[in-house]
Structure formats: C-alpha cells, structure tokens
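For the record, the sequence lines run as chains Y and X. Under our numbering, the residues of the first sequence are numbered -17 to 232, in order. Under our numbering, the residues of the second sequence are numbered 439 to 883, in order. Ideal placement from N, C-alpha and C gives every residue a C-beta, glycine not left out. Keep in mind the model is a prediction, meaning the values are calculated, not measured. Encoded as structure tokens, the structure appears first; notes follow it.
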Amino acid sequence: MLEVKDLHVTVEDKAILKGLNLTVNAGEVHAIMGPNGAGKSTLSAVIAGKDGYEVTQGTILFEGQDVLEMEIEERARAGLLLGFQYPIEIPGVKNIYLLKAALNAARAARGEGEIPAPEFMKLVREKSAQMKMDTSFLQRAVNEGFSGGEKKRNEILQMLVLQPKLAMLDEIDSGLDIDAMKVVAEGVNSLRSADRAILMVTHYQRLLNHIEPDRVHVLVDGRIAKSGDKDLALELEARGYDWVLEESVA
Amino acid sequence: MSAPERFLERLTARRAEDPSWVAARRQAGAARFEALGFPTRRDEEWKYTDVRRIAEGDFALATDAGYDAEGFEVQRLELDAYRLVLVDGVFSAELSRLEGLPAGVVVEPLSQALADNHEAVGGSLGRLAGVDFSPFTALNTAFADEGVVVRLSPGTVVDKPIYVLMLSRAGGQPVMSHPRVLIEAGARSEATVVEHYTGEPEAANFTNVVTEVLLERSAIVDHYKLQETGSSDMHVASIHVEQARDSRFASFNLHLGGALVRNDLVADLNAEGAETTYNGLFFVQGRQHVDNHTLVNHNAPRTFSNENYKGILDERSHGVFNGKVFVKKDAQQIEAYQNNANLLLSDRAEIDTKPELVIYADDVKCSHGATTGQLDEEAVYALRTRGIDEPMARALLTLAFAGEVMERVKLNAVAERVERAVAGRLPERFNLADLVETAEAVQES
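So, in structure tokens, the structure goes:
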C-alpha cells in the first residue's frame, strides 16, 4: 500500500531523513519509534505534504501512485490521512462543516455525489458517540477551546468519518490521560481492517499496549535502524534506544 | 460652471407641484449644497475618500422605470416580502408587490405620500437628516422626490420583511438618483426593512440615498442594507436613526459592490433602555473603494450599543472604517462595545481604520478594538490535509472570518447572497441551517 524508498529529506538545508525505506501492506499496523530528533514526525509530514520539507532523493508510492506528485488535498482524497500531534484551532469553521466538506470532497474524487444530510448526520452522530464526544462538539469551531484530549479525539473522529486507507498518527498519545488514551485507541482499533493500514509515530511504548502493532521500526538518525514485531517495542521500553544505535553503527 | 451648479441645473427640469414646505426644503438643500460644494480630502470626514469621480460626472435624471425582466428575476432576493421597487430612482408599480399589507402598516412610494397626505410625512422627513450633515445630504434634500415611506402604527408587528429594491440600469448616459427612505416605527411596533441595491453589472450611475428611521418607545426595527451594484456604480448613503426608550435597532450593513461607496450610519439613543446594534461587513476587490463611517450617540443613561464591522479586502481595493462612539455628559451606566476586524487577501489592498471613543460620563462600560490580518496558512494546510481543495479551504476561512457578522443575519436570502459573493463557490449555506435542523432532529430522535 505504502512504499517509501531511499527517502532523503532536508529541512532548511539540514538533512533529517537519510535514506529511509519502509513498506506498509494493507491490513497492517506499523509503529515507528525512536529518540527525539530522529525524524519520526518528518516522515508523516512529508507523506501528508507539509510545506518546508525538501525531498532530495527517493520515492513515496501509495497504491502505486507517486505521492510527491500529488497535491495535499489529492493525497487525502486518495485515502492518506494524517492525525496531527498538535491539531490547530480553526476559529469560525464548524467541525460539522469540515467533516461534510472533507467527506464530500473524497466522494467527489470517487465520482460519487454529495452525501444526503440525514445520512451524514447519522454517520457523524454515531462516530461522535464512539469517540465519546457530545454532538455539541459538531457545532463548535474546529478544536477551538478544546482540551488536549478533546483535540486528539477530534482527530480520530475525522478518521472515523473519512475512513482513510492509510491512517498516519503522529504522536497521537501525547497529552492524553489514561481514559482518553483508551477512547482514542479504541477509535483507532475500529479502523483496523484487511484493506486498511495504520502508521503510528510514537515516542512511548504505552500506546502500543492499546493498539498492538504488527511491525515496529526504530528510526535513528534519519534511517530505520531496526525492525521487529511488537516485542521490539517492549525491548526498547526496557533498554532504551542506545543499543539500537550502537548495533546500527557496528 | 462649478460642479455643484452643474448638478443643481438638473433641478430646474423638475416639476414644480411640490407642497410649499417641500419646495422650501428643496431650496434650502440646494443652497446648502451650493455653499458647501463637494467634499475634498482636506475635510477630515473625507480624508480617505476621493469623490471627484462623482463631482466630475455628468448625471442625468431617469424618467422611466423600465427594467429587463430576466435580470430582475436574477438580481432580486428570494424573499417572501412586501416589495417596493425603484429603478434609477423612479418608482416601478409593475415590479412592486405591496398588496396584502396588514392593518396598521403603510408602505408607499414617497411621491404618493407627498401627493396624498404630505402633512403626515412633513413632521418627520428631514428631521434626522438635516442639510448640514453633509453636502450629499443637502444634495439629496434638493432633489429627493421619490423613495419609500414606511409607517407602523403603535403595536403593529409586520409579518413579512419590507423589501425596498433599488435597481441601477446600464447603457446610455449615467444617471443620478436621490432616493429618500423614511421609516416611522410607532410604539411597540416591529418590522424588518431590507434596502437592496443592485442592478445591471455595467451600470455606472450615482445613487445618493438618505434613510431616516424613527423608533418610538419599545419599537423594534431590523434594518438590512445590501449593496451589490456593479463595479462601476457609485453609491453615497447616510442612515440616521433616532431611538426612544427601550427601543431596539439593528443595522446590517453589507457591502459587496460598487466602485465608490460611502456609507454613514448615525444613531441617537435618546432615552433609557434604547439599544442599537451595528453589524457591518464589506467585501471588496478589484479597485473598489468602500468607506464606512459610523456614529453612536449615547444621549441618555442606560443605553446600549454594540458594533461589529468586518472588512475583507482583495486585490487593489481600499476600505475605510471610522467608528465613533459619543457618550454625553451624565449619560451614566451606558455600555458601548465596538470591534473592527479586517482581512487582507492581497498585499496591495489597503484599509484605514480609526475607532474613536468620546466619553463625557464617568460610569460607563466601553471597549473597542481593531485588528487587521491575513488568512492563517496553517489552517489552510490543515483543511487541505482533510481533502478540501485550496480554493474551498480559503473560502471557508474567509467566510469563517465573516461568520460573527453573518450568523446574526436572520434572513437566509440575504446571508446566502453575501456568502456566495464572498466564498464564490460554496455549494450551500455556510452555516448549514438545514443541516443544523437535521442535527437537532437526529438528536431528539
């Protein structure tokens, strides 16, 4: 589904990713871990198309399409969605309008008509309940005055409504208390299916207790230094990152 | 011949069957206009607005009210309303729909009011908008022989909006019109009045309108002004409001069109409990120029005003906002809030904003603020990552900026017109009234 090959990325002339390779297949959940500054967030930002990142080498293919040639909105419509570490507030734009405009954009891209209002309301009401969000959130401006946990739940709500093929979650666990973590994790787990994939970027192993990954990758100095199954995350939790770094140098 | 003389020369072509008091006022208006001349940028009140395009123009007076039927259907608002139409300042009985007015309500063309019962309007017309207010008010007074008179008897609640449509035609020599709108709201009466300025896109006329609104005790008036004439039209207007005890006035001043627009809005809060709300939105592009001057006079204790003006400026447009709040000595315990925010969509657009508070009482609550900024690019990005394309993302954010003003607009047809103009391509009502209803219905089920 996603194929990243030899990806080199610089930010303000500083090399951040230095030859990253990653393959994510449909049905899989991948976790990317690593020390601060290793380039974890850069990977998802580049895939989502954020400004300020220069790809100097390498390719990113999503279902065979060249992601780097696609506009930001085309990527989303194709089914690539990024959940932000720090979701921003958008005063004046109601949550419900964001959801409806986004959903209709994706439908239009698939050649489908706009979703009828009753069907749409049923959908968002159901998904809000799943994220334990009162429907009053729908009438509020996107993330405006939301707590940290509410913002994260709102990111997952968007995922649940838009049903991406590849959901990328950037440090979705940061700033969450244990109850919010459970709600967010349940939301993400409900996205798991044979034709979908999830790519999580996280600093901490604890998220992986709630969303069990199929593959765990350790990102060190712009490259994937080690990959393994979920036990690798436990080992990292116990031993830290230094040994991976030493192994990769050796 | 000076410019004022050239304008006034057209007066001589006018018929002379006015009642004597009207004729006397006309003369006073003409004399005042001749003495004042057109304002220049040396006048503090006109510092940012150059009216030479008007002064140097040669405008005839229209004599008929014919209008393209197809254009009319497109341009008019889809409003279930009592409708009175002027075409280049001339009353059109054909396009107006005034039947079925409830008892206690008069809506008629000014010419008819003057012909049938001129004493009834004589006491009110010109009471608020004197010839000294500005040269344009004087000019209007000299010429005005058509317009609209709305009179509400005490306790009358009008079931539908009163829709005053002023159309501007293109082709031939540009014309000028000087309509006069008089709204007298008796005690406890309630009405919504919409003044809508539109017309053929190529029109290059000069409209100089004066509106007076008198609210008796506990009267409630919502006044909408939607200005969306073509990009060559010139429009100068003043709205004068007088409020008695416990009356409520709300102005919605929405400007989308015109080459040169100047709008003055003045409310006198003369007795306790009077409350006024100014909602303003202007959206300008190309080389459009819109100047809004507002004034609230708190002449009595415990009066309230709340003003929120927003400007969206694109390309090489120019906006002016001057908002003055005046609190008279001993007008204690008043509340006055004012806010002006502007969104610049282009580097070459310009806004000159000046809030002014003049307070002679000591026990008051007043605040004002003015901000100017650009669209938040982070927000554009965030919306795009959800699949919303860039123009739509920008439209959404632009409308979100206007949202605070737009969410107070109670007439859907008006809101829709404005939102479409601002956003260009939104598929439906931005605030999704139908969707909200569905949401509520689903919530209840």
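- Taking each of X:Ser591, X:Ser562 and X:Ala580 in turn and checking the Cα distance to Val543 of chain X, the smallest one comes out for X:Ser591.
- Distance from the CA atom of Pro17 of chain Y to the CA atom of Ala58 of chain Y, rounded to whole angstroms, is 28 Å.
- Near chain X, meaning a CB-to-CB distance below 9 Å, the residues of the segment 70 to 83 of chain Y are Ile70, Glu71, Ile72, Pro73, Gly74, Val75, Lys76, Ile78, Tyr79, Leu80, Leu81, Lys82 and Ala83.
- For His185 of chain Y, the closest C-alpha among the options Y:Ala179, Y:Gln112 and Y:Gln67 is that of Y:Gln67.
- Pairing Asp502 of chain X with Val523 of chain X gives a Cβ-Cβ distance that is not under 8 Å.
- C-alpha of Ala774 of chain X to C-alpha of Thr714 of chain X: approximately 10 Å in a straight line.
- Relative to His736 of chain X, the option among X:Leu692, X:Asp752, X:Asn760 and X:Asp768 whose CA is nearest is X:Asp768.
- Asn717 of chain X: member of the beta strand (DSSP E) spanning Glu713 to Val722, first to last residue.
- If one requires a minimum length of 4 residues, the alpha helix (DSSP H) runs lying completely within the segment 114 to 163 of chain Y are 130 to 144, in chain order.
- In this structure, the straight-line span from the alpha carbon of Ala149 of chain Y to that of Arg626 of chain X is close to 59 Å.
- In this structure, the alpha-carbon of Gly538 of chain X lies about 11 Å from that of Arg521 of chain X.
- In the three-state reduction of the DSSP assignment, Lys0 of chain Y falls in the strand class.
- Nearest to Glu753 of chain X by alpha-carbon distance, out of X:Arg786, X:Asn730, X:Thr809 and X:Asp518, is X:Arg786.
- Between Ile78 of chain Y and Arg89 of chain Y, the CB-CB gap reaches or exceeds 8 Å.
- DSSP places Leu548 of chain X inside the alpha helix (DSSP H), whose first and last residues are Leu548 to Gly560.
- Under DSSP, Gly65 of chain Y forms a beta bridge with Y:Leu151.
- Between the C-alpha atoms of Lys164 of chain Y and Gly862 of chain X there is a straight-line separation of about 42 Å.
- Ile78 of chain Y sits in a helix when the DSSP states are folded into three classes.
- In the DSSP assignment, Asn850 of chain X falls within the alpha helix (DSSP H) that extends over Asn850 to Ala861.
- Cα atoms of Lys663 of chain X and Ser676 of chain X: separation of roughly 11 Å, rounded to the nearest angstrom.
- Cα atoms of Thr487 of chain X and Arg479 of chain X: separation of roughly 7 Å, rounded to the nearest angstrom.
- In the DSSP assignment, Phe445 of chain X falls within the unbroken alpha helix (DSSP H) covering Ala441 to Glu447.
- For a Cβ distance threshold of 9 Å, nothing in chain Y lies close to Ala859 of chain X: the least Cβ distance comes to about 17 Å.
- Following the DSSP letters along the chain, one finds Gln513 of chain X inside the alpha helix (DSSP H) bounded by residues Ala507 to Gln513.
- Spanning the alpha carbons of Gln726 of chain X and Ala840 of chain X requires a straight line of approximately 19 Å.
- In this model, Ala13 of chain Y and Pro829 of chain X are separated by some 35 Å (Cα to Cα).
- Contact annotation for Thr823 of chain X against chain Y: Ala30, Ile54, Ala58 and Leu64 [CB-CB distance below 7 Å, chain order].
- DSSP, reduced to helix, strand and coil, places Asp224 of chain Y within a helical segment of the structure shown.
- Between the beta-carbon of Leu782 of chain X and that of Ile789 of chain X there is about 7 Å, and that keeps the pair under the 8 Å contact cut.
- Asp554 of chain X counts as exposed, since fewer than 16 other C-beta atoms from the protein chains shown sit within 10 angstroms of its C-beta.
- Arg521 of chain X is bridged by DSSP to X:Arg535 and X:Tyr601.
- In the three-state scheme derived from DSSP, where H, G and I count as helix and E and B as strand, Lys767 of chain X is classed as coil.
- Think of a sphere of 9 Å around the beta carbon of Asp33 of chain Y: the chain X residues whose beta carbon falls inside it are Glu815 and Tyr819, in chain order.
- For Leu517 of chain X against Ala851 of chain X, the beta-carbon gap comes to about 5 Å, under 8 Å, which counts as contact.
- Contact with chain X is absent for Ala149 of chain Y, since none of that chain's Cβ atoms lies less than 8 Å from the residue's Cβ.
- Note that the C-beta distance between Val602 of chain X and Glu633 of chain X is below 8 Å.
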